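Engineer:
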């Protein structure tokens, strides 16, 4: 009998939580989803992007990644291995005042998430155009992987992502 992997179970948990917030609650609007198997390295990646229903200028992305080692450890039931996935969060927004807004974002995120996270902000702009607006891509990676033991935390993670979207909206 087919037994879903940790990756698949977590993916379904995130999908269910997010689609309920989109279709039932109307809190968010899902704008894109991706479920990819990277054949060159035999890894899996799932990502789902969404915006607040009332404020669509900032995009959030929740992504799960499972490497070949992660998947093999589970499927082959390797001893002393703990099958898990990498969780990555990404937020994309437009900013005008780089120094002020980036600093505010860097101070705000640890208040919502655990204080040990170090968000990475990557700024970009269109060459040849006046630099009045920058795209700030904010990425949050966690120091440990997640597995089915954290399944009950999925709604809380999603709630924190929504709190982050609201906090970022207030900084615009």
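In the working numbering, the protein residues as written are 4 to 175.
Ideal placement from N, C-alpha and C gives every residue a C-beta, glycine not left out.
Computed from a predicted model, the values in this text were never measured in an experiment.
1) Where does residue 72 land, buried or exposed, given buried means 16+ other C-beta within 10 angstroms?
2) In angstroms, rounded to a whole number, what distance separates the CA positions of residue 182 and residue 96?
3) According to DSSP, simplified to helix, strand and coil, what is residue 129?
4) Take every Cβ of the stretch 152 to 165, pair it with every Cβ of the stretch 124 to 138, and state whether three or more of those distances are shorter than 8 angstroms.
5) Report the partner residues of residue 58 according to the DSSP bridge assignment.
6) Is residue 126 buried or exposed, if buried means 16 or more other CB atoms sit within 10 Å of its CB?
7) With a floor of 4 residues, list each alpha helix (DSSP H) that falls wholly inside the stretch 56 to 114, ordered by position along the chain.
8) In the DSSP assignment, what residue or residues form a beta bridge with residue 35?
9) Ignore the nearest five residues each way along the sequence and tell me which others in residue 108's own chain have a CB closer than 8 angstroms to its CB.
10) For residue 42, name the three-state secondary structure that DSSP assigns.
11) Under a three-way DSSP split, which group does residue 149 fall into?
12) Is the beta carbon of residue 8 closer than 8 angstroms to that of residue 77?
13) Kindly indicate which three-state DSSP category residue 11 falls into: helix, strand or coil?
14) Taking just the CA atoms, how far does residue 79 sit from residue 85?
15) Quick one: using the 10 Å Cβ neighbour count with 16 as the cut-off for buried, is residue 10 buried or exposed?
16) Is DSSP giving residue 162 helix, strand or coil here?
17) Any idea if residue 44 is buried or exposed, counting beta-carbon neighbours within 10 angstroms, 16 or more meaning buried?
18) If we call anything under 8 angstroms between Cβ atoms a contact, is residue 164 one with residue 63?
Structural biologist: Result, derived from the coordinates:
1) In the chain shown, counting from the first residue as 1, residue 72 sits at position 69. So residue 72 counts as exposed.
2) The question about residue 182 has no answer, for the chain in this structure spans 4 to 175.
3) If you number the chain shown from 1, residue 129 lands on position 126. Reduced to three states, the DSSP call for residue 129 is coil.
4) no
5) Counting from 1 along the chain shown, the entry for residue 58 is found at position 55. BP columns for residue 58 point to 55.
6) Here the question's residue 126 lines up with position 123 in the chain shown. Residue 126 should be labelled exposed.
7) 71 to 78
8) Locating residue 35 in the chain shown gives position 32, counting from the first residue. BP columns for residue 35 point to 52.
9) In the chain shown, residue 108 corresponds to position 105, counting from 1. The answer, listed in chain order, is 122, 124, 139, 141, 171, 174.
10) Position 39 of the chain shown, counted from the start, is the residue given in the question as residue 42. Reduced to three states, the DSSP call for residue 42 is coil.
11) As a working mapping, residue 149 is identified with position 146 in the chain shown. Reduced to three states, the DSSP call for residue 149 is strand.
12) The residue given as residue 77 occupies position 74 in the chain shown. The residue given as residue 8 occupies position 5 in the chain shown. Yes, these two residues count as a Cβ contact at 8 angstroms.
13) Along the chain shown, one-based indexing puts residue 11 at 8. Note: residue 11 maps to helix in three-state DSSP.
14) Here the question's residue 85 lines up with position 82 in the chain shown. Here the question's residue 79 lines up with position 76 in the chain shown. Their backbone Cα atoms lie some 12 angstroms apart in a straight line.
15) Locating residue 10 in the chain shown gives position 7, counting from the first residue. By the neighbour-count rule (16 or more Cβ atoms within 10 Å), residue 10 is buried.
16) Along the chain shown, read from residue 1 onward, the residue named residue 162 stands at position 159. Helix.
17) Along the chain shown, read from residue 1 onward, the residue named residue 44 stands at position 41. So residue 44 ends up on the exposed side.
18) Residue mapping note: residue 164 aligns to position 161 of the chain shown, counting from 1. Residue mapping note: residue 63 aligns to position 60 of the chain shown, counting from 1. Against a cut-off of 8 angstroms, the Cβ pair of residue 63 and residue 164 comes out as a contact.
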